[in-house]
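Chemist: Mind the numbering: the sequence shown is residues 50 to 273 in the numbering used here, read in order.
Positions of the beta carbon are idealized from the N, C-alpha and C atoms, including for glycine.
Treat the numbers as computed from the prediction; the structure is a model and nothing was measured.
One structure coming up, written as structure tokens, with questions to follow.
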Amino acid sequence: MNYNNVNRSFVALLSIFFIVSCKSYDVRMLEAMSESGDHKAQGNLGFMYQYGYGVRANYNESLKWYKLAASDGDPLAEGTVGRLYFEKQDYKNALPWFKKCALHDIQSGTERKTEQTILACQGMVGTMYLYGQGVPVNKPEAKVWLKKAADQGEGSAQCYVGDFYYLDRDYKSAYPYLQSALEKGCANAAKYLSDMYNNGFFVEKDSQRAKELYEKYLRLKSYD
């Protein structure tokens, strides 16, 4: 699979977890609330230091407040701490935070942004094992984490899992993951499905469908 070290879509999902209005909060107010143990305020203060809203951007201050926000098990803060370490290529410190986030259960009432964060963290753990970032390469462990995210509907993870099964020639298992990933814009899914239809792997041979899928692959690939 031709990805750059780690799937960029997982990182994109981990980009902004705390959306604050600088008109609603001033730094002194947030600092006072944060010092009193308000985890939401701590997360917002970390966000402000991360992006320089109302204060000079400061990586260390941002990391400090996000860690405090994460101390009550908030997956949004845990994922953000992991991302901050990851962007500094400090993979050994990033991975434990991504794992903390990834281990949260997604319930029926889980907020969408929290759900996306947990799935992105599962994807990050999987790709870090896949590419040996902070840990030795471990494809079986990578597959466990990516499948966990894929089975909960995460498109990029579905693309990876479909790829694993396809390369193992387990076309029956590959097909549903590739089909779901294709619907979410995965270029490789279109290429592999094209090959399956062209050769009659698990599906009925259909050269026209194979051609359409390969053309779709080329279109999707041009957007990468």
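Suppose the cutoff is 7 Å on Cβ atoms and the five residues either side in sequence are ignored; what does the same chain contact list for Gly249 look like?
Modeler: There are no such residues.
Chemist: With a 10 Å radius around its C-beta and 16 neighbouring C-beta atoms as the bar for buried, classify Glu203 as buried or exposed.
Modeler: That one is buried.
Chemist: Between Lys280 and Gly211, what straight-line distance do the alpha-carbon atoms span, to the nearest angstrom?
Modeler: Any question about residue 280 goes unanswered here, given that the chain covers just 50 to 273.
Chemist: Does the distance from the CB of Lys188 to the CB of Leu195 come in under 8 Å?
Modeler: Contact: no.
Chemist: In this structure, does DSSP put Asp255 in helix, strand or coil?
Modeler: Coil, per DSSP.
Chemist: Please classify Asn237 as buried or exposed, where buried requires at least 16 other C-beta atoms within 10 Å of its C-beta.
Modeler: By the neighbour-count rule (16 or more Cβ atoms within 10 Å), Asn237 is buried.
Chemist: Once DSSP output is grouped into helix, strand and coil, what is the label at Val76?
Modeler: Correct three-state label for Val76: helix.
Chemist: Leaving aside the five residues before and after Leu168 along the sequence, list all residues of the same chain whose C-beta is less than 8 Å from its C-beta, in chain order.
Modeler: Closer than 8 Å at the Cβ level, and outside the excluded window around Leu168, lie Leu62, Ile155, Ala198, Gln201, Gly202, Glu203 and Ala206.
Chemist: Just mark Pro124 as buried or exposed, buried being the case when its beta carbon has 16 or more other beta carbons within 10 Å.
Modeler: Under this definition Pro124 is a buried residue.
Chemist: Residue ranges of each alpha helix (DSSP H) run of no fewer than 4 residues wholly in the region 165-239, ordered along the chain?
Modeler: Runs of the alpha helix (DSSP H) inside the region 165-239: 188-199, 204-216 and 220-232.
Chemist: Is it buried or exposed, Asn54, if we count other Cβ atoms within 10 angstroms and call 16 or more buried?
Modeler: A caution first: Asn54 carries a pLDDT of 47, below 50, which makes its placement in the model too unreliable to give a value.
Chemist: As a quick exercise: from Leu262, Glu136 and Met97, pick the residue whose alpha carbon is nearest that of Tyr115.
Modeler: The shortest C-alpha separation from Tyr115 is found at Met97.
Chemist: Mark Lys240 as exposed unless 16 or more other C-beta atoms lie within 10 angstroms of its C-beta, in which case mark it buried.
Modeler: Buried: at least 16 other Cβ atoms inside 10 Å.
Chemist: Ordered along the chain, which non-local residues of its own chain (more than five positions away) have a Cβ less than 6 Å from that of Phe135?
Modeler: Excluding residues within five positions, the ones whose Cβ falls inside 6 Å are Ala143.
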